[in-house]
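S.K.: Let me begin by handing over the structure; questions about it come next.
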Amino acid sequence: MSVYPAGLARVPNLLMKQLTLANITKTNLDLYRAQVELATGRSVNKTSDDAVKAATIAELDDRIERSTQRQRNIQHAGASLGMLDTVLGEAGDTALDAKDIALQQISTPSDATQRKQQAAIVSSMITSIYNSMNRQGVAGYIFGGATTSVQPFVEKNGAYLWQGQGGGLYTELGLAQSVPITLGNAEAFAAASAKVAGNVDLDPALTADTRLSDASGARGLGITLGSVEFSFNGGTRVAVDLSGADTIGDVIDSLTSAIHQYEADNSVTVLGAGGIGVSDGSLSIDIATGGSLQFYDQGTGVTAEDLGLANADDSQVFPAGATAALGLSPKLTWRTPVSALAGLSQSLGSIKISNNRGSATVDLSGAQTLGDVKGLIEAAGVGVRVEINAAGTGIDVVNLLSAGSAGALSIEETDATNPTAANLGIRSMTASSLLSAFNFGRGVQIKDGSIDPTTGNADPSLDIDFTITLGNAGQTKIDIDLRPQDVVNVQTLVDRINSQAATQLAAAGLPTDALVASLGATSNGVVLTQDASFAGAIAVSPRNNSEAAEDLGFISGRYVASSASFVGEDRAKVRVSGIFSDLIDLRDGLEHDDTVGIGIAGNSLGTSIDLLAETRGVVGGYSQRVDFAQRAEEDRTTFDEQVRSSLRDVDYTEAASRFSMLQTQLQAGLQATAISSRLTLLDFLS
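First residue of the sequence shown? That's 0 in numbering that gives the first Met the number 0, and the numbers climb one at a time after it.
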């Protein structure tokens, strides 16, 4: 309604109309706001309605929106983990069925035909698990690691190769929590790769082409580039900017150029005939007679220290003559030239790689860098990958194929005069190979400390593990008793065999070298070589139920008449452990009616079953975290929505009452305005 200021004794028509219009407009605006609130259900529709509430509501909107996305992530994770749990459960059941078959076949009489039938069942189990491993979920291939768009497992000539990458994809759950929604190779089906670990320090030399990023530096912290200073005979310091250097050669060129400029400017001779070069893994500086050179870092820089040219207390001085700086410890990289590998005693030749029941001869003679060696080996198509070991001292050859024991990896020589595999440290069986790693970690079982059951006394004759029968006319027998200290590595083994053989040969009136045990010059396996005049073949037979002859590969060995040698089977092969390899071994054992092989495969399956169960338990733990995160996110969202509702949502009862009051107010204002606008002077005179 129109209200006139109390201080106005007389009201002009124009002022009256302006005041009336202003009040009607204000009432209309209030009515509009009330109408909008009733229509939208919100008391705050724009920032100008209430700046403080609007800012709070905006923050709550953002939190709720992010919470909604996290809930979608959680639902996504729950679905993927549910798929993982299902597949792991199916795989575990399949593995248990396979182990039951193994136990049944070794505990009850079965003929070869029955075992071949069971082998067909195991083959179908392999196919079933292969299909399970390649199953897709909401995030793609559930066992593809971080590459969920690529089929993780492929079949390759009867073996199985994992071609995924990484440990898995993770989804955000909020509160700095995340869970994997896919699994990688080793986590999933125990199909972890195995490797021939390099046993030679290739010791790369420092060269002018060595990149600074490939050197550990004198402090072991890498090389930080910057400026250094040098002073000749304690004179004025001269700065040299090395920030643009990329290789050791760049450093040498920059320092040499700066010192030559100093020589020209001051008419002195600083460098001797040797100048600046490299020597034994460090920079080397030849100083002219009667001079001395010292390097410094600028300010807080450490470039001179990292290059081995200075130390922290500035006490390092290069006197007259050739002096080496501190060692820079160059790292082994794929760019390292083969010629710079100080650990190599001769040029590279060829190696033989056997894997997945096939083999390939790889010629490495053309390799210029370590990367070339890697490329040539991997290009052979034998299912291996070459890596630089964690210490950065050598290379490892990783077996990627799950092919069972018969298809395990071995690396041998092709030329006894140029043992390239041994020189590179990647021959799979060497004199230092541990016997505990033989037979895929089962080692070599021997008889030791046997007791005569009749007398109760120790009986050394019961400790004899195997007998070697020579091919001479008298068929001389050599008894071998291995002790725990003899089964440490290949060298201790052959030393023990040779020691016992020499003693018994002498007692038999034969030359002590009529039988010599050694590691094969090219092929892997322990070789027993007899006197070339012996016409018959060497034979090895187990004694006292000892498994040593079998574990050392003698039972399945072969006699080579041309060299008068008995070559034991390679028992240092590298097998990829896991459910695939275990099932392949079980299938092979059943097909070949091999009771021992069936038993070994059954025991190995137990490990894979345990790992599957453990992995399923981990997935279950992730699922619990997802469920907890889901409940927490829902509770948080509910609370935020309640707070937002109290700030934003309209009170319909209050708004409706206010709307009705404003309608009445507007009607009264219009009526009052209409009445007052009709008043004239005559109305007051009457």
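Don't be surprised by glycine CBs; every beta carbon is placed ideally from N, CA and C.
1. Is the beta carbon of Asn543 closer than 7 Å to that of Lys446?
2. Look up Phe553 in the DSSP assignment and say whether it is helix, strand or coil.
3. DSSP three-state call for Val277: helix, strand or coil?
4. Assign Ala189 to buried or exposed, taking buried as 16 or more other Cβ atoms, counted over all protein chains shown, within 10 Å of its Cβ.
5. Is it the case that the Cβ atoms of Leu340 and Leu205 are separated by a distance below 7 Å?
6. On the CB-based measure, 16 or more other CB atoms within 10 Å of its CB, does Pro459 come out buried or exposed?
7. Taking Gly348 as the reference, give the member of Ser409, Thr55, Asp362 with the closest Cα.
8. Give the C-beta separation of Leu740 and Val121 to the nearest angstrom, bearing in mind that I take them to be a contact with Cβ-Cβ under 8 Å.
9. Look up Ile467 in the DSSP assignment and give the residues it is bridged to.
10. Look up Thr170 in the DSSP assignment and say whether it is helix, strand or coil.
11. Grab the span of the beta strand (DSSP E) containing Gln484 for me, first residue to last.
12. Just the Cα atoms here: how many angstroms apart are Glu632 and Leu30?
13. Is the region 311-320 in contact with the region 280-298, if contact means three or more CB pairs nearer than 8 Å?
14. From Leu308 to Ala324, what does the alpha carbon distance come to, in whole angstroms?
15. Do Ser540 and Thr594 have their C-beta atoms within less than 7 Å of each other?
16. Write down every uninterrupted run of the beta strand (DSSP E) in the region 260-308 whose length is 3 residues or greater and which is fully enclosed by it, in chain order.
17. Report, in whole angstroms, the separation of the C-beta atoms of Gly326 and Ser281, which I expect to be a contact under 8 Å.
18. Would Ala97 pass as an interface residue toward chain C - the criterion being a Cβ-Cβ separation below 7 Å?
19. Measure the beta-carbon distance from Ile141 to Thr107 and round it to whole angstroms, keeping in mind my assumption that it falls under 8 Å.
20. Looking only at its own chain, which residues have a Cβ that is under 7 Å from the Cβ of Leu367, when we skip the five neighbours before and after it?
21. By alpha-carbon positions, which one of Ile425, Arg657, Leu492, Ser401 ends up nearest to Gly577?
22. On a Cα-Cα basis, can you pick out the residue from Lys98, Asn133, Ile128, Leu375 that is closest to Gln117?
23. Apart from the five residues on each side of it in sequence, which residues of its chain come closer than 6 Å, Cβ to Cβ, to Thr332?
24. How is the alpha helix (DSSP H) around Leu182 delimited, first residue to last?
25. For Asn156 and Leu461, what's the separation of their Cα atoms in angstroms?
26. For Pro318, does the three-state DSSP call read helix, strand or coil?
27. Is Thr672 close to the ligand GDP? I mean its beta-carbon at under 6 Å from any heavy atom of the ligand.
28. Along the beta strand (DSSP E) that carries Thr146, what are the first and last residues, could you check?
29. Can you give me the Cβ contacts of Asp587 inside the same chain, cut-off strictly under 7 Å, excluding the 5 residues immediately before and after it?
30. Does the separation of the CB atoms of Gly473 and Ala536 fall below 7 Å?
31. Which residue comes first and which comes last in the alpha helix (DSSP H) that contains Asn497?
32. My understanding is that Asn497 touches Val525, with C-beta atoms under 8 Å, so please give their C-beta distance in whole angstroms.
33. Counting only the same chain and skipping the five closest in sequence on each side, list residues whose C-beta sits under 6 Å from that of Thr257.
34. For Leu665, which residues from the same chain have a beta carbon less than 8 Å from its beta carbon, with the 5 sequence-adjacent residues on both sides left out?
35. Is the beta carbon of Val573 less than 7 Å from the beta carbon of Val195?
36. Using a Cβ-Cβ cutoff of less than 8 Å, which residues in the same chain neighbour Arg624 once the five nearest sequence positions on both sides are dropped?
M.R.: Looking at the atomic coordinates:
1. Counted from its first residue, the sequence shown places residue 446 at position 447. Counted from its first residue, the sequence shown places residue 543 at position 544. Yes.
2. Here residue 553 is taken as the residue at index 554 of the sequence shown, counted from 1. Coil, per DSSP.
3. Translated into positions along the sequence shown, residue 277 becomes position 278. Reduced to three states, the DSSP call for Val277 is strand.
4. The residue given as residue 189 occupies position 190 in the sequence shown. Any reading at Ala189 needs caution, since the residue's pLDDT is 49, under 50, leaving its predicted position unreliable; the model's value is listed next. Buried, by the Cβ-count rule.
5. As a first step, residue 340 is located in the sequence shown; it is residue number 341 there, counting from the start. As a first step, residue 205 is located in the sequence shown; it is residue number 206 there, counting from the start. Taking 7 Å as the Cβ cut-off, Leu340 and Leu205 do not qualify as a contacting pair.
6. As a position in the sequence shown, residue 459 is number 460, starting the count at 1. By the 10 Å Cβ count, Pro459 comes out exposed.
7. On the sequence shown, residue 348 is found 349 positions in, with the first residue counted as 1. Among Ser409, Thr55, Asp362, the Cα nearest to that of Gly348 is on Asp362.
8. Residue 740 is absent from the structure shown; the chain starts at 0 and stops at 685.
9. Along the sequence shown, read from residue 1 onward, the residue named residue 467 stands at position 468. DSSP output for Ile467 lists Ile477, Val539 as bridge partner(s).
10. Numbered from 1 along the sequence shown, position 171 holds the residue referred to as residue 170. Of the three classes helix, strand and coil, the one that applies to Thr170 here is strand, per DSSP.
11. For the purposes of this step, residue 484 is taken as residue 485 along the sequence shown, with counting starting at 1. Per DSSP, Gln484 belongs to no beta strand (DSSP E) and is neither H nor E.
12. Start at 1 with the first residue of the sequence shown, and residue 632 comes out as number 633. Start at 1 with the first residue of the sequence shown, and residue 30 comes out as number 31. Roughly 40 Å separates the two Cα atoms.
13. yes
14. Locating residue 308 in the sequence shown gives position 309, counting from the first residue. Locating residue 324 in the sequence shown gives position 325, counting from the first residue. Each residue's alpha carbon lies about 6 Å from the other.
15. In the sequence shown, the residue the question calls residue 540 occupies position 541. In the sequence shown, the residue the question calls residue 594 occupies position 595. No; because the gap between Cβ atoms is not below 7 Å, this pair is not in contact.
16. 270-278, 281-286, 292-296
17. Taking the first residue of the sequence shown as position 1, residue 326 is located at position 327. Taking the first residue of the sequence shown as position 1, residue 281 is located at position 282. The pair is a contact, with the Cβ atoms about 5 Å apart (cut-off 8 Å).
18. Given the protein chain composition of this structure (a single chain), no chain C is represented.
19. Working through the sequence shown from its first residue, we reach residue 141 at position 142. Working through the sequence shown from its first residue, we reach residue 107 at position 108. That belief does not hold up - the Cβ atoms of Ile141 and Thr107 are roughly 38 Å apart, past 8 Å.
20. For this step, residue 367 is matched to residue 368 along the sequence shown. Reading off the sequence shown, one finds Gln at residue 367, where the question assumed Leu. Cβ neighbours of Gln367 beyond the five flanking positions: Pro336, Val337.
21. In the sequence shown, counting from the first residue as 1, residue 577 sits at position 578. Looking at the Cα atoms, Ser401 is the closest of the given residues.
22. What you label residue 117 is simply residue 118 of the sequence shown in a count that begins at 1. Considering only alpha carbons, the answer is Lys98.
23. By one-based count along the sequence shown, residue 332 stands at place 333. Only Asp213 meet the Cβ criterion.
24. Counted from its first residue, the sequence shown places residue 182 at position 183. Counting along the chain, Leu182 falls outside any alpha helix (DSSP H), and DSSP gives it neither H nor E.
25. Here residue 156 corresponds to residue number 157 of the sequence shown, with the count starting at 1. Here residue 461 corresponds to residue number 462 of the sequence shown, with the count starting at 1. In a straight line, the C-alpha of Asn156 is about 45 Å away from that of Leu461.
26. By one-based count along the sequence shown, residue 318 stands at place 319. DSSP places Pro318 in coil when its eight states are reduced to three.
27. Of ligands this structure carries none, so the ligand GDP is not represented either.
28. For this step, residue 146 is matched to residue 147 along the sequence shown. Premise fails: Thr146 is in no beta strand (DSSP E) and is neither H nor E.
29. Counted from its first residue, the sequence shown places residue 587 at position 588. Gly403, Ala405, Gly596.
30. Counting from one through the sequence shown, the residue named residue 473 turns up at place 474. Counting from one through the sequence shown, the residue named residue 536 turns up at place 537. Against a cut-off of 7 Å, the Cβ pair of Ala536 and Gly473 comes out as no contact.
31. Residue 497 sits at position 498 when you count from the first residue of the sequence shown. Run containing Asn497: 489-506, per the alpha helix (DSSP H) assignment.
32. Position 498 of the sequence shown, counted from the first residue, corresponds to residue 497. Position 526 of the sequence shown, counted from the first residue, corresponds to residue 525. That belief does not hold up - the Cβ atoms of Asn497 and Val525 are roughly 11 Å apart, past 8 Å.
33. The residue you call residue 257 lines up with position 258 of the sequence shown. Reading the sequence as shown, one finds Ala at residue 257 and not Thr. For Ala257, where only same-chain residues beyond five positions count, the Cβ hits under 6 Å are Val239.
34. Residue numbering aside, residue 665 sits at position 666 when the sequence shown is read from its first letter. Excluding positions up to five away in sequence, the list reads Ile23, Thr26, Asn27, Leu30.
35. Locating residue 573 in the sequence shown gives position 574, counting from the first residue. Locating residue 195 in the sequence shown gives position 196, counting from the first residue. Yes, the Cβ-Cβ distance between Val573 and Val195 is below 7 Å.
36. Looking up residue 624 in the sequence shown gives position 625. Leu172, Gln176, Val178.
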